[in-house]
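Quick note, the sequences are listed as chains P, F and C, same order. If you read the first sequence in this note's numbering, its first letter stands for residue 98, the second for the next number, and so on. If you read the second sequence in this note's numbering, its first letter stands for residue 949, the second for the next number, and so on. If you read the third sequence in this note's numbering, its first letter stands for residue 250, the second for the next number, and so on. Quick reminder that beta carbons are idealized off the backbone N, C-alpha and C, glycines included. This one's a predicted model, so the numbers in the text were calculated from it and none came from an experiment.
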Amino acid sequence: MDNNLEERLERKTKELEIVQRVAVALNASNEVETIALLMLKLMEEYFDFQHSILLVLRPEEEVLEVVATHGYEVDNLGKTISVGMGVIGMVAKKQRMMRMANLGAQRKYMQAISKNTGNEAVAGQIVGLPDAESQVAIPMMAEDRLLGVLSIESKKINFYNPQDETLVTTLANLGAVSLKNALYLQQVEEAREQLREINTNLEQLVTERTKELADAHADIVSSISYASRIQREFIPRSTTLQDHLEDFGVVWQPRDVVGGDFYWFQPQENGYLVGLGDCTGHGVPGAFMSLVSISTLNRIVRENDLSDLTSLLKQFDTSLRAQLGRSEEESRDGLDFGLCYLSPNEQRLRFVGAKMSLFHMNGDGVNEISGARKSIGYDTARKRPFRDEIEITYSVGDTFLMASDGVIDQMGSETRMCYGKQRLEKFLAEHKEESAQKICDDLISTLSIYRGENAVLDDVTVFCFRPN
Amino acid sequence: MEIPLNCQDVLLNGIQHVGSASADLLPSQNFAHGARLNLTESTLTIFVQKNFCKNVVRDSETTKRVVFYSAVPSHEAYQVKGDVVSVAPLSEADVSESQQYCDQVIKTLTELGLSPDIPKKIWGRVADTGITIELEQIFNQTPGPEAGKPISK
Amino acid sequence: MIKEEHLPAMQGLIPACVTTCSAAGEPNATVVSQVWYVDEEHVALSHQFFNKTRRNISENPKAAVMIISPENGSAYDLTISYERTETEGALFDEMDMQLEAIASMTGMSGIFKLLGADIYKVESIVQVA
């Protein structure tokens, strides 16, 4: 009894050791072949299981492939068994373990029948010992999925006992863990590879798109540059202004290379017209609007007499609305506009404005002459009339200035308030003695400081002039 | 009765069993320890150890009907059926023949992989009784489509 | 009834002889490759062919079986009585699996069909050697 107990204890100790060693190996390595080989070697070392094989299922082909062997003279690595063939194949098919104790006798029995039925007994695929008598084969499962088969065999009859079955089952389960890990790693690697491919494709796509965008941007920049050249053609030449004005200064700063602001000058028989427009929109739409407005203004001035600037403004308004396709109904396109008619011989200036003011600077200070609270072309509120023109007499040395909303509406970074007319008037009062261009330049600098970190929100145009 | 030589060989040299049924239809069986064919008289004498084959010997004397089955490792096998003619002690010659048979069986089974002690438990015994039956019918019991068919009458 | 010492004899290492008899008292002997352990009170024989043994059992359920232990040569004489045939379940599957495995190795797949597992109640076990 004591001997039996001692034997059983020794057996259990060995089993624990082998399981521990395999478990440690599992922890240290993800390589199925490494762990399998260790398992097979340990089975011989501890229990004299001299011949063992580990096979992995290749499900798409319905075969099991040998990935590790121990104790065979013939190299079995890479050999395959069909699912359902022999003990190993049947274990895979039914996903249940088998322990065979006298394969030889059973094979002979079948062969005898085969001979007696006239069948040519065909030996099935052989992996392992062709003359194996005893065999234990265990399916390696992960949840309900077959991963492979672990098989041990011997040339001796009835070599394995139920304890051997239990041990091999335990090892098969450990083997299944290794296989499962390997499978997961393989899936992770495949996913990684897919991601790498997607990444590469994405990068390529991004590169292509970036190039397309860069090309498109270059085209747009080029178009806008060209558009800017065209728009500049509609701006009065300096030489023309020099010919008729004592002094002048202009700032024309579209926010987006082209814009909706413009200044306008047209000599007349006994004087000249000065105008400044601030069209709806910025950039290209604003520029379109400015060109439509300038060509309309040119035509109106050409076709009408200039005795009544208010009437002229109304004509301008009507004509612009008609061109934009809106006559009586509300429109969203239009411009703020200021127009001066100067008669230098009489030192007389007539002004009419549509949401545009004229600033008059002289020795008395700065005076704002306001325009109507109504724009050309659009009116979001109720219909308002244009104001009658204002007539003033000026002296030599007086300075006049019109500016677009971009000056007055500029937000300050510290004050969080618009620059406004008060600040503008104060500035003009302080700088009215300077040259017209200096007044403009200093105004822009002052505006830039006032703006600080805030963005430029609008086109900025200033026209400052001293009549002859 | 004409019995093919291969059949005779199996009957005399295979692993032999003798089976019977009691009057109340209870089957019995055991291993035989050799046999002798008498083709002239068309009988088969089955060598048994009486103590070992108590029930079969009893049935032989009461129901007078036994079967003899013999098979070789290649699975060729035959079954003989017939009425019991006599149940009598074995002659010295028969005992000797029985012992030769038993030694051969032990050798064959050992060659098949069994430890010699194992077959000795059965075939190490000495037969002492002969159950003689008529060769009424011999059936082919070799596994396959011919199994169960008589080979001769 | 069936004890641990009997189990090695039920592994199919040494073929077992099975004797039955008809209702008319005619005995019939055959050899089976394995007597399968079912539980302490039952054993099973594989049913592959319709033969004399099965015809006898249908008339007279009693059978005598001799099994030998490959470990020590002990011989056991079993008296068994037919109860039923199973055509599914763990035992049937195990028998079927073994049959198919060997058949596939010898090119006999599909030729042998396990028709059922015949379950017998063990009425006595006597060690005769």
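- Annotation: residue 462 of chain P is outside any alpha helix (DSSP H); the continuous beta strand (DSSP E) that includes it extends over 462-466.
- In the structure shown, the three-state DSSP call for residue 1097 of chain F is strand.
- For residue 529 of chain P, the three-state secondary structure derived from DSSP is coil.
- If you check the CB distance, residue 1098 of chain F and residue 269 of chain C do not come in under 8 Å.
- Judged by their CB atoms, residue 279 of chain P and residue 127 of chain P are nearer to each other than the 8 Å cut-off.
- Approximately 12 Å separates the beta-carbon atoms of residue 1005 of chain F and residue 1080 of chain F; this is outside 8 Å, ruling out the contact.
- For residue 187 of chain P, same chain residues with a beta-carbon under 7 Å away, outside a window of 5 residues either side, are 181 and 195 in chain order.
- Going by beta carbons, residue 1092 of chain F and residue 278 of chain C fall outside the 8 Å limit.
- Only residues of its own chain outside the window of five on either side were considered, and among them 414, 417, 418, 421, 428, 430, 431 and 432 have a CB closer than 7 Å to the CB of residue 474 of chain P, listed in chain order.
- Short of 6 Å from the beta carbon of residue 280 of chain C, and not among the five residues preceding or following it, lie these beta carbons of its own chain, in chain order: 264 and 266.
- Rounded to the nearest whole angstrom, the CA to CA distance from residue 953 of chain F to residue 275 of chain C is 27 Å.
- Here residue 250 of chain P has 148, 225, 226, 229, 231 and 232 as same chain residues with Cβ atoms under 7 Å from its own Cβ, once five neighbours each way along the sequence are excluded.
- DSSP, reduced to helix, strand and coil, places residue 341 of chain P within a helical segment of the structure shown.
- Spanning the alpha carbons of residue 191 of chain P and residue 185 of chain P requires a straight line of approximately 10 Å.
- Beta-bridge partners of residue 374 of chain C (DSSP): C/327.
- The Cβ atoms of residue 354 of chain P and residue 332 of chain P do not sit closer than 8 Å to each other.
- Inclusion of residue 487 of chain P and residue 434 of chain P in the CB contact set at 8 Å is not warranted, their separation being larger than that value.
- Take the alpha-carbon of residue 405 of chain P and the one of residue 549 of chain P: they are about 43 Å apart.
- In this structure residue 980 of chain F is buried. Its beta-carbon is surrounded by 16 or more other beta-carbon atoms within 10 angstroms.
- Straight through space, the alpha carbons of residue 1096 of chain F and residue 1085 of chain F are spaced by roughly 11 Å.
- For residue 315 of chain C, DSSP records a beta bridge to C/266 and C/326.
- For residue 288 of chain C, there is no enclosing alpha helix (DSSP H); the residue is found in the beta strand (DSSP E) stretching over 285-288.
- Using a Cβ-Cβ cut-off of 8 Å, residue 1023 of chain F counts as an interface residue toward chain P, since at least one Cβ of chain P sits closer than that to its own.
- The beta carbon of residue 311 of chain C is closer than 6 Å to those of 330 in its chain, skipping five residues each way along the sequence.
- Of all alpha-carbon atoms in P/460, P/386, P/452 and P/495, the one lying nearest the alpha-carbon of residue 481 of chain P is that of P/452.
- Apart from the 5 residues on each side of it in sequence, residue 994 of chain F sits with its Cβ closer than 6 Å to the Cβ of 966, 980, 983, 1016 and 1079 in its chain, given in chain order.
- Residues of chain C with a Cβ closer than 8 Å to the Cβ of residue 191 of chain P are, in chain order, 342 and 346.
- Collapsing the DSSP output to three states places residue 255 of chain C in a helix.
- For the pair residue 308 of chain C and residue 163 of chain P, the Cα-to-Cα distance works out to about 51 Å.
- Under DSSP, the beta-bridge partners assigned to residue 489 of chain P are P/446.
- Taking a cut-off of 8 Å for Cβ pairs, the region 289-298 of chain P and the region 308-317 of chain P do not touch, as fewer than three such pairs fall below it.
- About 6 Å separates the beta carbon of residue 373 of chain P from that of residue 558 of chain P, a gap short enough to meet the 8 Å contact definition.
- The alpha carbon of residue 258 of chain C has as its nearest neighbour, out of C/359, C/301 and C/322, the alpha carbon of C/322.
- In the structure shown, residue 511 of chain P falls within a coil segment according to DSSP collapsed to helix, strand and coil.
- DSSP places residue 382 of chain P in the uninterrupted alpha helix (DSSP H) bounded by 380-400.
- A straight line joining the alpha-carbon of residue 489 of chain P with that of residue 359 of chain P spans about 24 Å.
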